[in-house]
Amino acid sequence: MPIKNYEHGCSTTQALATLGKVEGVIPLVHGPQTCVFENQMSTLYCRPAKLITAGTLLSKSEVIFGGDDSLKEQIRNVYEKHHPKVIVIINTCIPQLNGDDVKGVSMEMEEEIPGLRIRSINTGFVYTNAMLRGSDASWLAILQTLDKTEHEPGAIGIVGRSGQDADNMGAIGTMLRKAGLNTYLFPEGHIDEMAKITRAEHIYPIHLGSYESCKYLESEFEQDVEFIEIPVGIDGTTNFFRRVADKEGCQALHDLVDQEEKQARVELEKLRKKFAEDPVRMLLVSGPANEMSMGKIVAEFGAEVFVVPSMKDKFYKQERAIMEERYGVNFIDEDFGSLDELIEEIQPTVIANEMQAEPESSARLIPSFCIFFYLADYGYDYALNFGKNFNNMTGPSVWKHWRELNSRYAVV
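Going by this note's numbering, the first residue of the sequence shown is number 451, and it counts up by one from there.
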């Protein structure tokens, strides 16, 4: 199986993690018990425990003959207990194969429960080539429940990556608001706050997982959308803010960038010297599209970077060109049978990959970390803090100690 499929987790997981961060929205996973259980367990680390998710837990007979009745019953149960504004049905592989009439059920239940809006998305094998599309499909479902509003003159909207960005966009939003720009963020922690994105005149996506959603904003809400680049690292963050400042005619933002960049470049030069002393050859294997942002940060420090990308849309192509031209990042487009084969060919000193690949990378005792846990990567401070702690996480002393323990206690 090609590595681009082999290394990707299910887009159902990403959709559940995305929707599970938003109050007022309840994701309902429509699928068999094992699917619902595994996806809920795998997303616990990235959504607040107080927020609710639900599932239909299809029985064996329903897997065979269809689960429309169970879906209706669970929608009623969820609404009766929690009264959400929106329910998004995450339609997994089995119901798709069986042809469950999820859209028909949604229409019927909206008639039965006035005031409730229900949308559905298809995940699972539909998005095997890019896990992050589970986020984009989720955002689109939410946008389809929003009413059109008048644009506020001068207001801008920032569209992030996944549900985790509801907590991670402060480095961007705070800077823009400090410069006096009326800024709305999408996602936010509550559906009512997310709905304000429709007020913006200009939309600036700050990551790759929102292409379809941004096209919807452009066509349905008549908003001007411009993808500049992912605002990570020093150059990436500076270029993003300056382009926004130019477009919005905001000199105050230029002034703030001057201040922030002056301090950041002093630390950046220190980090580049540190990376030069112990050269890094890093492989980033298609995570939820942060193989691009994390690769960009590390490449700016002077590491030799190899990326197996997870996206192929317009935003990805634009960001890839920036990374190739500015930092000389290497992109791997060929298929490989396994991560193990790719490691053998590239011989990286550090690996960032998904959980599924950990057995192959850890077995070689190469420093590796799970790319899922490095999503708050925007702005100057994150990049500098990551660079300062990089050697503490992956340096020779850490792995020398690990090898000594392994040779002493491991059972072969």
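All C-beta atoms, glycine included, are put in the ideal place defined by N, C-alpha and C.
Can you tell me whether residue i is helix, strand or coil according to DSSP?
i: N780; result: strand
i: D642; result: helix
i: F786; result: coil
i: E804; result: coil
i: C820; result: strand
i: Y654; result: strand
i: D674; result: strand
i: F690; result: helix
i: A629; result: coil
Using beta-carbon positions only, say whether residue i and residue j come within less than 9 Å of one another.
i: I816; j: P798; result: yes
i: A694; j: Y654; result: In the sequence on display, residue 694 carries Val and not Ala. For V694 and Y654, yes; Cβs fall inside 9 Å.
i: V757; j: L792; result: no
i: F725; j: F819; result: no
i: E638; j: Q673; result: no
i: V735; j: L658; result: no
i: L582; j: Q464; result: yes
i: V479; j: T468; result: no
i: I539; j: I568; result: yes
i: V472; j: A504; result: no
i: T573; j: N548; result: no
i: C460; j: G584; result: yes
i: M742; j: Y766; result: yes
With a threshold of 6 Å on Cβ separation, who are the neighbours of residue i within its own chain once the five nearest residues in sequence on each side are excluded?
i: Y666; result: L590 and L593
i: E754; result: R731
i: F823; result: none
i: E662; result: D586 and L590
i: G787; result: none
Who are the near neighbours of residue i in its chain, counting only those whose CB is closer than 7 Å to its CB and skipping five residues on each side?
i: R722; result: F751 and G752
i: E710; result: Y830
i: V555; result: D518, L521 and K522
i: K553; result: S570
i: A702; result: A629 and G630
i: S588; result: A465, T468, L469, V538 and I571
For residue i and residue j, which I take to be in contact (beta-carbon distance under 8 Å), what is that distance rounded to the nearest angstrom?
i: I525; j: M559; result: 5 Å
i: G607; j: M619; result: No, G607 and M619 are not in contact; Cβ-Cβ is about 11 Å, not under 8 Å.
i: I398; j: S811; result: Since the first residue shown for the chain is 451 and the last is 862, residue 398 is missing from the structure and cannot be characterised.
i: A833; j: V682; result: 6 Å
i: A621; j: Y828; result: 5 Å
Going by beta carbon distance, what residues of the same chain come within less than 8 Å of residue i, once the five residues before and after it are set aside?
i: E679; result: G686, N689, F690, Q768, E769 and I772
i: G474; result: P534, K535, V536, H640, I641 and D642
i: Y777; result: K746, A749, E750 and V755
i: G604; result: L631, N632, E651 and E698
Under 9 Å, Cβ to Cβ, is there at least one residue of chain B near residue i?
i: S660; result: Of the protein chains in this structure there is only one, and it is not chain B.
Three Cβ pairs or more, each shorter than 8 Å: is that satisfied between the region 702-722 and the region 644-655? no
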